[in-house]
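Sequential numbering from 805 applies to the sequence shown in this note's numbering.
C-beta: ideal position from N, C-alpha, C; glycine also.
Notes follow the structure.
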Amino acid sequence: MPREKVDYRDNLELILQQFGDVQLIPFKKAAQYCGVDVRALQKDNTFPLKKIAGRYYVPAVGLARWLS
């Protein structure tokens, strides 16, 4: 069973405080939270980006894992 990364729980807590108790964060808001340009994140293959009904979202858990 894989272990959690060191800062995963702290990052998840901060994300949930910032965006409320949501599972999917709009992509532009997630990019602003990270302080990174939207186009740069779209090109990053490791960023947890999901396209749902023609719009891009970032799962809160995936963002916390990516930031860790």
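Report the option in the options whose CA atom is closest to the CA atom of residue i.
i       : options                               : result
Tyr-861 : Asp-841, Arg-843, Asp-811 and Gln-827 : Gln-827
Phe-823 : Tyr-837, Asp-811, Asp-814 and Tyr-812 : Tyr-837
Lys-747 : Gly-839, Val-840, Asp-848 and Pro-830 : With the chain covering 805 to 872 only, the question about residue 747 has no answer from this structure.
Can you check DSSP and say which residues form a bridge with residue i?
i       : result
Leu-828 : Pro-863
Lys-854 : Tyr-861
Quick check: residue i and residue j, are their CB atoms within less than 7 Å of each other?
i       : j       : result
Leu-845 : Ala-857 : no
Lys-833 : Ser-872 : no
Counting beta carbon pairs with one atom in the region 859–872 and one in the region 814–821, are three or more of them shorter than 8 Å?
yes
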